[in-house]
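Undergrad: Chains Z and R, in that order, give the protein sequences. Residue numbers are given in my numbering: position 69 of the first sequence equals residue 69, and the series is strictly consecutive. Add 1000 to the 1-based position in the second sequence for my numbering, that's all there is to it. Positions of the beta carbon are idealized from the N, C-alpha and C atoms, including for glycine. The model shown is predicted, which means the values in this text are computed figures rather than measured ones. Here it is, the structure in full.
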Amino acid sequence: PHSRGRGVSDRTPGLLGAPEDAVSGLNPLLRPPKGVRRGYALLPPLLKVLSDRGRQTGESEAPRLQPDSRALRYMKRLYKMSATKEGIPKAHKSHLYNTVRLFTPCSECKHRHRDLTKGDVHSVDLLFNLDRVTALEHLLKSVLLYSFDTSLPISSSLTCMCHLSVKERDFSSQVCPSLSHSIAFSLHFEVRKRKWVEIDVTSFLRPLIATNRRNIHMAVNFTCLMGDPQQNTKLENPINMALVPPSLLLYLNDTSEQAYHRWHSLRHRRKNPVRPRQRSSPLADPTGDRGEENSQGKRASRRR
Amino acid sequence: RDESLREAPATPPYNLSEYFKQFLFPQNECELHNFRLSFSQLKWDKWIIAPHRYSPQYCKGDCPRVVGHRYGSPVHTMVQNIIYEKLDSSVPKPSCVPAEYSPLSVLTIEPDGSIVYKEYEDMIATKCTCR
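Written out as structure tokens, the structure is:
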């Protein structure tokens, strides 16, 4: 692939990136030459379809785990905001990402305990596996995405205290204590038929994601109270919210060749405006374009 | 000068339209054609959630013998045509291929059940050229 100065593309899972095992099943003609850099390792399932000429498409696909329906609903909404019906990316100034990944916590870690002494504290222990994030996908923003169904009256406002701690194994010491970084912050938001609450944890997770951490283990204590601290200091009883364990949303800039780069296409368009270039070949125009000399003259002046 | 005139046979008045015929653009000249597919046809709709329809388009048609500025073709294209016509017909004539593309946003389900929104470069042909 011609290099556009964005470095050799690494394995890009998804539409254009098939796991390495996909290569082994490929028709020998489509396999990359021996010893070729990893950059060629991404043979898209598209090629796999071409190599499985006989078989029906879709049959060779490995079964995929089905995502959480709420998460699916959120991503479909994000898609509608980011692209047209035909799938053309919308040009938003703020839209710097070209990749958004949503991870739901691994099922075995989702347990919830209530610390009854402190009232109604929701605490959830979460483990996110980030294997699908490639080395060429750089983090722009990460968000914990809470969805909750409450029968709250619409105009109510919520004040939540959130205590987040990340547990990471410290391999350097023999005893292997689980170090944990923690952060506590309060959130205040209006529940206006809002089904989602996004908690920005970018600065908190960036060091972990930057070091290509594959598993992120965090505990989240979330306490929400009805009412607004500004108005009345005494907050009413904590509401009983059916908190669904949060998903982790990563807004990324994929720097691989296959990914679309707004800044690149804008610069490219500026360099080569769409207007076709005048060719000054002797055979260019059999009618001997009278205007040739002044187009040459124009070109010379432009070059000057 | 008189002798040369007397000797030269009277050539018929030169027919300009004949001359230009060889430069006319072919009937089915190179241009962009519509093609729309749905991922369900490829049975990929289990993991490609959006868009439902995708129009990659394609380029098809003959390249005129003199392509010039009309397709933004380099001079090499005409040289290749001359080689094909005058020197060696095993050298292929210039082909009608895409010159520009636009990106495509895709929402897919990954094998581990995570969901990814990705914008891919060069997924829809938007302009053709002869090369």
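In the DSSP assignment, the alpha helix (DSSP H) including Z:Tyr260 goes from what residue to what residue?
TA: No alpha helix (DSSP H) contains Z:Tyr260, which DSSP labels as neither H nor E.
Undergrad: If you compare alpha carbons, which of Z:Ser165, Z:Tyr251, Z:Lys141 is closest to Z:Thr202?
TA: Nearest of Z:Ser165, Z:Tyr251, Z:Lys141 to Z:Thr202, Cα basis: Z:Lys141.
Undergrad: For Z:Leu225, which of Z:Leu252, Z:Asn98, Z:Cys162 has the nearest alpha-carbon?
TA: With distances taken between Cα atoms, Z:Leu225 lies closest to Z:Cys162.
Undergrad: Between Z:Tyr79 and R:Ser1114, how many whole angstroms is the CB-CB distance? I'm expecting something under 8 Å.
TA: Contact doesn't hold; Cβ gap of about 15 Å is too wide.
Undergrad: State the Cα-Cα distance for the pair Z:Ala91 and R:Pro1103, rounded to the nearest angstrom.
TA: Straight-line Cα distance between these residues: approximately 11 Å.
Undergrad: Along chain Z, in chain order, which residues have C-beta atoms closer than 9 Å to that of R:Ala1125?
TA: Under the 9 Å cutoff, chain Z gives no residues; its nearest Cβ is about 13 Å from R:Ala1125.
Undergrad: Quick one: which chain R residues come within Cβ less than 9 Å of Z:Thr104?
TA: Those are Gly1113, Ser1114, Ile1115, listed as they occur along chain R.
Undergrad: Go ahead and pull the three-state DSSP assignment for R:Tyr1019.
TA: Reduced to three states, the DSSP call for R:Tyr1019 is helix.
Undergrad: Under the three-state reduction of DSSP, which class applies to R:Thr1077: helix, strand or coil?
TA: Correct three-state label for R:Thr1077: helix.
Undergrad: Is there at least one non-hydrogen atom of the ligand ATP closer than 7 Å to the beta-carbon of Z:Pro67?
TA: The ligand content of the structure shown is nil, which means the ligand ATP is not present either.
Undergrad: When DSSP builds the beta bridges, which residues end up paired with R:Thr1108?
TA: R:Ile1048, R:Val1116.
Undergrad: What residues of chain R sit near Z:Lys85, judged by a beta carbon separation below 7 Å?
TA: The contacting residues are Pro1051.
Undergrad: In chain order, what residues of the same chain lie with their CB nearer than 8 Å to the CB of R:Val1091, ignoring the 5 residues before and after it?
TA: Taken in chain order, the residues that qualify are Gln1080, Ile1083, Tyr1084.
Undergrad: With distances taken from CA atoms, which of R:Phe1035, R:Tyr1117, R:Gly1072, R:Met1123 is nearest R:Ile1048?
TA: Cα-wise, what sits closest to R:Ile1048 is R:Tyr1117.
Undergrad: Under the three-state reduction of DSSP, which class applies to R:Asp1122: helix, strand or coil?
TA: If DSSP states are grouped into helix, strand and coil, R:Asp1122 belongs with the strands.
Undergrad: Any Cβ of chain Z within less than 8 Å of the Cβ of R:Leu1037?
TA: Not one chain Z Cβ lies under 8 Å of R:Leu1037.
Undergrad: For the beta strand (DSSP E) containing Z:Phe103, name the first residue and the last one.
TA: That run of the beta strand (DSSP E) goes 99-103.
Undergrad: Helix, strand or coil for R:Thr1129, going by three-state DSSP, please let me know.
TA: Strand at R:Thr1129.
Undergrad: Please classify Z:Ile199: is it buried, with 16 or more other beta-carbons within 10 angstroms of its beta-carbon, or exposed?
TA: Classification for Z:Ile199: buried.
Undergrad: For a cutoff of 8 Å on Cβ pairs, would you count R:Ile1083 as touching chain Z?
TA: So no, R:Ile1083 is outside the interface.
Undergrad: Can you give, in chain order, each stretch of the alpha helix (DSSP H) that sits fully within the stretch 68-100 of chain Z and has at least 4 residues?
TA: Qualifying alpha helix (DSSP H) stretches, in chain order: 69-82.
Undergrad: Going by DSSP in three states, Z:Leu205 sits in which element: helix, strand or coil?
TA: Note: Z:Leu205 maps to helix in three-state DSSP.
Undergrad: Output the distance between the C-alpha atoms of Z:Arg132 and R:Met1078, rounded to the nearest integer angstrom.
TA: So the two alpha carbons sit approximately 48 Å from each other.
Undergrad: Kindly list, in the order they appear in chain Z, the residues whose Cβ is closer than 7 Å to that of R:Pro1098.
TA: Correct list: empty, because the minimum Cβ distance to chain Z is about 14 Å.
Undergrad: Skipping 5 residues on each side, what residues in its chain have a beta carbon closer than 6 Å to that of R:His1033?
TA: If we look at R:His1033 and ignore the five residues flanking it on each side, its Cβ neighbours are Tyr1058, Lys1060.
Undergrad: Check the C-beta distance from Z:Tyr74 over to Z:Leu145 and give it rounded, since I have them as a contact under 8 Å.
TA: With a Cβ gap of about 7 Å, Z:Tyr74 and Z:Leu145 count as contacting.
Undergrad: Taking Z:Ser256 as the reference, which of Z:Leu248, Z:Ala210, Z:Thr134 has the closest Cα?
TA: Of Z:Leu248, Z:Ala210, Z:Thr134, the residue nearest in Cα terms is Z:Thr134.
Undergrad: Taking the DSSP output, what are the residues bridged to R:Lys1060?
TA: The partner list for R:Lys1060 (beta bridge, DSSP) reads R:Glu1031.
Undergrad: Is the CB of R:Ser1017 under 8 Å away from at least one CB in chain Z?
TA: R:Ser1017 does not count as touching chain Z.
Undergrad: Less than 8 Å between the C-beta atoms of R:Thr1147 and R:Ser1055, yes or no?
TA: Summary: the structure shown does not reach residue 1147 of chain R, with chain R confined to residues 1001 through 1131, and so no result is reported for it.
Undergrad: If the criterion is Cβ atoms closer than 8 Å, does the pair Z:Leu102 and Z:Ala83 meet it?
TA: Against a cut-off of 8 Å, the Cβ pair of Z:Ala83 and Z:Leu102 comes out as no contact.
Undergrad: What separation, rounded to the nearest whole angstrom, lies between the Cα atoms of Z:Asn98 and R:Glu1110?
TA: Computed Cα separation, rounded: 17 Å.
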